[in-house]
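A.B. asks:
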Amino acid sequence: MKISNLDIRKLWVPGSLLVILGLMSTLTLYASIYTVILITSILMYINLTVSWVIFSAPTRYISLAPAAFFGIGIYTSASLGTELPLVLVILIGALLSSCLALLIGALTLRLRGIYFTVFTFGLVELIKHLLLWYEIKFTGTRGRFVILVDNNTIYHTMLIILVVLLITAYLIRRSKYGLALWSIGEFEDAAAHSGVNVNALKTITFAVSASFMGATGAIMATRWTYVDPYIAFKAFYSFMVVLMAAFGGMGQLYGPVVGAAIFAYLEEVLITKFPYYYMLAFGLILLIVILFIPDGLAGVIDNWQEKRKGKQHANP
Amino acid sequence: MPILEGEGITKYFGGLAAVSNVDFSVDRGELVGLIGPNGAGKTTLFNLISGALVPKSGTIKFNRETITGLKPHRICRKGVARTFQSVKVFPEMPVFANVLLGSTFGRSTTPSATDAEGESAGLLAFVGLLDVIEEPAKSLTLANRKRLELARALATKPQLLLLDEMMAGLNPTEVSEVMELVVMIRFMGITIFMIEHVMKAIMNICDRIMVLHHGEKIAEGTPSEIANSKAVIEAYLGE
């Protein structure tokens, strides 16, 4: 009895993940176009949030740069989409974002705490205005048209990026580098004096995280058909990502996934029903999360499971 | 044969010379104490040796190789481990993971996962923390956090161990337990350079003592020489 119980428990997680993946990859066969588009937006937020969590959750460097890396992906698509195949455009978007992250990382990861956060926030504005200046001065236009890709392809690409991203995030967490990133978040100088090459590890992880944001931007742009720097580099995306990660909880990998999914759906509902007040609702939710569930949904579930375990021990 | 040599080490913080023109050397296998009044520059000297700070001038050699200006992780992998004055164990991490980090990253050659885990467990047994390996480090008492930090430092397989006030804040029983550990580590063949304010500890176990005052070395010698040195007594008590 005990052995079979154990086996079922072991199979439960990968089994249900496979079922979910199967349902999701065949979604376009049975769901309405609206559902596919809605879930694509949700996947976009999940991608951005999980990418953010790879770097910012263990190291506790709160980055507000997601919008910058996302925007780089969008602009890669806008400028190369007509000339190159989609796969290549996405890969280049990922590459450019990670190159920018390497540069930024090498320059600024010496900054700690709020200084790093403010810098990354400024970065989004800097790139936005630089690009605006470039477009007006040299190309003479403000925006660009993006080549159209059909909804199902966008959806499937987004899903593939998510699967690769989740596997990457899982492997990093489980590896020795996951442990090292965690130690950086706890006491950076003690980590360095224990042999961790903190600057290299931070910079490379920041770049890995950025590459997925760039890829997500590159595919997402094809749905919007027209972009300009104001659309591509919205600080709003950075804040949403941090909010979603905090709401879902960063202690477990499923936290940010669930947090992003709920929030993205909520955005969709609120924006159609209360177009003027939905930001207010987000603000309230953020306050409640920080005050009452600082470890997010995953933290609540962890606590609940521990309590249940405790009860089992108490009454065998 | 010296394992650690410093020549003309100088470090300024703004206009203040925290360490000024200090020469020192520690022989392989020796247990050397570093004492001095508050603000004498002891911790700064340790920060310079371990790479947390870079000296303005002077060279530091470890095993005859210049290590001045190297990053802390490089110096650690060469065989210099340290503990901190204010204990810096990773608070949310389990005790075991704290030590595992040191054995995984802190060595010149990366050990296999099994070796790293086995040796981490061995070190935790050595410092007496085997019962609490799954607890988060923050739940330990100060004395145990200091033991944990010591285990993490040892996990990097150091040749030289820099101990910054291991005994501070401990009660007399804990002090003698930690002193025993230090002596055992020394018999394992690890050279120890320690900053200490607890005179009982320093006088009993050190082979040699160095005294810093206002960033300068004012005396050096055996414990009894230091105890009778006029310069040292003046530095501590005033003229």
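Those protein sequence lines, which keep their order, are chains A and B. Just so we're on the same page, our numbering is the position in the first sequence counted from 1, plus 493. Just so we're on the same page, our numbering is the position in the second sequence counted from 1, plus 4. Beta carbons are placed, not taken as given, at the ideal position from N, Cα and C, and that holds for glycine. Computed from a predicted structure; not experimentally measured.
1. Looking at the C-beta of GLY789 of chain A, does it have a partner C-beta in chain B at a distance below 8 Å?
2. Per DSSP, what are the beta-bridge partners of TYR16 of chain B in this structure?
3. Find the nearest neighbour of ILE79 of chain B within the set B:LYS150, B:SER143, B:ALA21 and B:PRO162, judged by alpha-carbon distance.
4. Along the chain, where does the alpha helix (DSSP H) that runs through HIS686 of chain A open and close?
5. Along the chain, where does the beta strand (DSSP E) that runs through ALA223 of chain B open and close?
6. Enumerate in chain order the residues of its own chain whose CB-to-CB distance from GLY707 of chain A is below 8 Å, with the five nearest sequence positions on each side excluded.
7. Using a Cβ-Cβ cut-off of 8 Å, state whether SER549 of chain A counts as contacting chain B.
8. Using 8 Å as the cut-off, can you tell me whether the stretch 30 to 41 of chain B makes contact with the stretch 194 to 201 of chain B, which would need three or more C-beta pairs spanning the two stretches below that distance?
9. Across the stretch 605 to 623 of chain A and the stretch 664 to 677 of chain A, are there enough close Cβ pairs to call them in contact, namely three or more that are closer than 8 Å?
10. Can you tell me which of the three DSSP states MET214 of chain B falls into?
11. Who pairs with ARG637 of chain A in a beta bridge, going by DSSP?
12. Is any heavy atom of the ligand GDP found at a distance shorter than 7 Å from the C-beta of LEU577 of chain A?
13. Name the chain D residues that come within less than 9 Å of ALA673 of chain A, Cβ to Cβ?
14. Can you look up MET494 of chain A in the DSSP assignment and give me helix, strand or coil?
15. So, with DSSP's three-state summary, where would you put GLU799 of chain A?
16. Cα separation between GLY688 of chain A and PRO722 of chain A?
17. Since SER676 of chain A and PHE88 of chain B are thought to touch, with beta carbons under 8 Å apart, how far apart are those beta carbons, to the nearest angstrom?
18. Taking all protein chains shown into account, do 16 or more other C-beta atoms lie within 10 angstroms of the C-beta of ARG801 of chain A, making it buried, or fewer, making it exposed?
19. Any Cβ of chain B within less than 8 Å of the Cβ of VAL793 of chain A?
20. Which value, in whole angstroms, describes the spacing of the CA atoms of LEU57 of chain B and PHE732 of chain A?
21. Figure out for me which residue from A:ILE640, A:ALA684 and A:HIS649 has the closest Cα to the Cα of LEU536 of chain A.
22. Is there contact between the stretch 726 to 740 of chain A and the stretch 546 to 557 of chain A, where contact requires at least three CB pairs shorter than 8 Å?
23. Helix, strand or coil: which one does DSSP assign to HIS806 of chain A?
24. I need the DSSP call for SER29 of chain B, collapsed to helix, strand or coil.
25. Just the Cα atoms here: how many angstroms apart are ASN808 of chain A and LEU134 of chain B?
26. Restricting to Cα atoms, I'd like to know which of A:ILE781, A:TRP626, A:VAL751 and A:LEU641 is closest to ALA791 of chain A.
27. What is the DSSP secondary structure of ILE555 of chain A, counted as helix, strand or coil?
28. Quick check for students: name the residue ranges of the alpha helix (DSSP H) that lie wholly in the stretch 639 to 705 of chain A, counting only runs of 4 or more.
29. Anything in the stretch 91 to 103 of chain B with a Cβ closer than 7 Å to a Cβ of chain A? List those residues in chain order, please.
30. For ILE194 of chain B, decide whether its Cβ has a neighbour in chain A, counting only Cβ atoms nearer than 8 Å.
31. Pairing CB atoms from the stretch 774 to 790 of chain A with CB atoms from the stretch 573 to 587 of chain A, are three or more of them under 8 Å?
32. Kindly identify the DSSP beta-bridge partner or partners of MET198 of chain B.
33. DSSP beta-bridge partners for GLU69 of chain B?
34. Any Cβ of chain A within less than 8 Å of the Cβ of HIS77 of chain B?
35. Quick one: give me the first and last residue of the beta strand (DSSP E) that ARG86 of chain B is part of.
C.D. replies: Looking at the atomic coordinates:
1. For GLY789 of chain A, the answer is no, since every Cβ of chain B falls outside 8 Å of its Cβ.
2. Assignment of beta-bridge partners to TYR16 of chain B by DSSP yields B:ALA21.
3. When only C-alpha atoms are compared, the closest one is B:PRO162.
4. DSSP places HIS686 of chain A in the uninterrupted alpha helix (DSSP H) bounded by 681 to 686.
5. Residues 220 to 225.
6. Taken in chain order, the residues that qualify are PHE562, PHE563, ILE565, GLY566, THR569, GLY586, ALA587, LEU588, LEU589, SER590 and SER591.
7. Not closer than 8 Å to any Cβ of chain B, the Cβ of SER549 of chain A fails to qualify, so no.
8. Taking 8 Å as the limit for Cβ pairs, the verdict is that the stretch 194 to 201 of chain B does touch the stretch 30 to 41 of chain B.
9. With a cut-off of 8 Å on Cβ pairs, the stretch 605 to 623 of chain A is not in contact with the stretch 664 to 677 of chain A, counting fewer than three such pairs.
10. Three-state DSSP puts MET214 of chain B in a strand.
11. Beta-bridge partners of ARG637 of chain A (DSSP): A:VAL720.
12. The ligand GDP is not among the ligands present in this structure, which contains no ligands whatsoever.
13. Of the protein chains in this structure, namely A and B, none is chain D.
14. For MET494 of chain A, the predicted structure reports a pLDDT of 43, less than 50, and the residue's modelled location is therefore unreliable. A value from the coordinates is still provided. Reduced to three states, the DSSP call for MET494 of chain A is coil.
15. The DSSP-derived three-state label of GLU799 of chain A is helix.
16. About 42 Å.
17. Actually they do not touch by this definition, with Cβ atoms about 14 Å apart.
18. Answer is exposed; the Cβ neighbour count stays below 16.
19. Answer no: the Cβ-Cβ gap between VAL793 of chain A and chain B never drops below 8 Å.
20. Between LEU57 of chain B and PHE732 of chain A, the alpha-carbon positions lie close to 36 Å from each other.
21. Among A:ILE640, A:ALA684 and A:HIS649, the Cα nearest to that of LEU536 of chain A belongs to A:HIS649.
22. Between the stretch 726 to 740 of chain A and the stretch 546 to 557 of chain A, the count of Cβ pairs shorter than 8 Å is three or higher; the stretches touch.
23. Any reading at HIS806 of chain A must be qualified, since the residue scores a pLDDT of 49, below 50, and its modelled position is unreliable; no value is offered.
24. Under the three-state reduction of DSSP, SER29 of chain B is assigned to strand.
25. Any reading at ASN808 of chain A is ruled out, since the residue's pLDDT is 42, under 50, leaving its predicted position unreliable.
26. Nearest to ALA791 of chain A by C-alpha distance, out of A:ILE781, A:TRP626, A:VAL751 and A:LEU641, is A:VAL751.
27. Coil, per DSSP.
28. Secondary structure in the stretch 639 to 705 of chain A: the alpha helix (DSSP H) runs of 4 residues or longer, each lying completely within the stretch, are 644 to 667, 669 to 679 and 681 to 686 in chain order.
29. Cβ contacts with chain A: LYS92, PHE94, PRO95, GLU96, MET97 and ALA101.
30. For ILE194 of chain B, the answer is no, since every Cβ of chain A falls outside 8 Å of its Cβ.
31. No, they do not touch.
32. Paired residue(s): B:GLY37 and B:LEU167.
33. Its beta-bridge partners are B:PHE66.
34. For HIS77 of chain B, a Cβ of chain A is located within less than 8 Å of the residue's own Cβ.
35. Run containing ARG86 of chain B: 84 to 86, per the beta strand (DSSP E) assignment.
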